Amino acid sequence: MNPNRSIQERIIALTHRLPETVRLVAVSKYQSSEAIVEAYDAGQRIFGESRVQELIAKQEELAPICLDLMWHFIGNLQSNKVKHIAPFIHMIQSVSSRKLLDEINKQALRYQRRIDVLLEVHVAEEETKQGFLPNELVDTLREIREHAQDYTGVRLCGLMAMASYTDDEVQIEREFGLVADLYQQIRNSDLLINPEDFEELSMGMSNDYPIALRKGATLIRLGTAVFGE
Ligand SMILES: *Cc1c(COP(=O)(O)O)cnc(C)c1O
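As numbered in our numbering, residues 609 to 837 make up the sequence shown, in order.
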């Protein structure tokens with residue numbers, strides 16, 4: 609990454625290189641509203657945030673000026689905070705438990721919305737990384753399907769994952785490969801209520817997104833590659 613490039617130049621360079629099937633999520637955590645507006649003016653529409661308070665403050669400030677900006681929540685989300693973002697959030701990518709999914713569904717219905725969600729899969733080695741283990745995910749999908757009529761507040765749009773934080777590209781590729789296989793397995797199963805909604809695979813950050821693209825990512829989440837260090 610060239611540190612002398614502007615946010616605008618980086619966005620244009622990145623989006624030109626991406627296949628048409630892939631969308632960029634500009635991860636704007638810790639970034640100022642000015643930086644977000646600069647990216648927005650360069651054509652960027654999807655922004656990822658990982659803290660509720662920070663997101664709410666930015667949303668309030670930017671809603672009147674960035675009219676079609678879409679916020680994606682990508683961080684650890686406590687169930688009791690869902691109500692604060694439910695009125696406006698476009699997608700919650702980091703759904704890591706059935707309890708959280710149930711709360712998102714409940715709050716969406718309260719606001720007469722349907723919220724797009726991705727289920728987060730745990731494939732990385734670190735204990736700290738959130739998410740469903742692959743077999744838990746399949747069980748959860750089965751439970752949701754059995755109670756399909758209760759889940760009209762959420763749209764299950766696909767999977768999200770983070771690879772281990774490592775320089776070992778073989779390991780990263782293996783982890784993204786596991787997620788991609790699980791994604792295809794689910795798409796080919798009868799586990800989904802609305803199979804046509806399940807079409808997103810969010811994986812890849814600034815350090816590993818070329819590998820994620822090779823493994824079929826449809827959403828990549830880039831912070832430093834867009835905004836700088
Ligand atoms: C911060 C963050 C990113 C972006 O990380 P960079 O290395 O800055 O690209 C992507 N995904 C999640 C979940 C994050 O928390």
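Even glycine gets a Cβ: it sits at the ideal position worked out from N, Cα and C. Here the structure is a predicted model, which is why all the values come from computation and not from measurement.
Check, Outcome
"Using the C-alpha atoms, what's the distance from Glu669 back to Ile619?", "22 Å"
"With three or more beta-carbon pairs closer than 8 Å as the criterion, would you say the segment 743-763 touches the segment 826-834?", "no"
"Taking 8 Å as the limit between beta carbons, can you name the residues of its chain near Tyr800, skipping five residues before and five after?", "Sequence check: residue 800 is Leu here, not Tyr. Closer than 8 Å at Cβ, skipping near neighbours: Leu749, Arg753, Leu764, Ile794 and Phe806."
"Just to confirm, does Gly683 get its C-beta within under 8 Å of one of the non-hydrogen atoms of ligand 1?", "yes"
"Following a CB-centred definition, is Gly839 positioned closer than 8 Å to any heavy atom of ligand 1?", "As shown, the chain starts at 609 and ends at 837. That puts residue 839 outside it, with no answer to give."
"Within this structure, are the beta carbons of Val725 and Leu709 separated by less than 9 Å?", "yes"
"Indicate whether the contact test is met: 3 or more Cβ pairs, each with one atom in the segment 739-746 and one in the segment 676-692, closer than 8 Å.", "no"
"Between which residues of its own chain and Ser614 is the CB-CB distance below 8 Å, once the five residues before and five after are set aside?", "Glu646"
"Using a Cβ-Cβ cutoff of less than 8 Å, which residues in the same chain neighbour Thr838 once the five nearest sequence positions on both sides are dropped?", "Only positions 609 to 837 of the chain appear in the structure, and residue 838 is not among them; the question remains open."
"I want to check one thing, is the minimum distance from the CB of Ser614 to the heavy atoms of ligand 1 below 8 Å?", "no"
"So what's Phe784 in DSSP terms, helix, strand or just coil?", "helix"
"Output needed for Gln701: all residues of its chain with C-beta closer than 6 Å, excluding positions within five of it in sequence on either side, in chain order.", "His680, Ile682, Leu726, Met768 and Ser810"
"Where Ala716 and Gln616 are concerned, what is the direct C-alpha to C-alpha distance, given to the nearest angstrom?", "34 Å"
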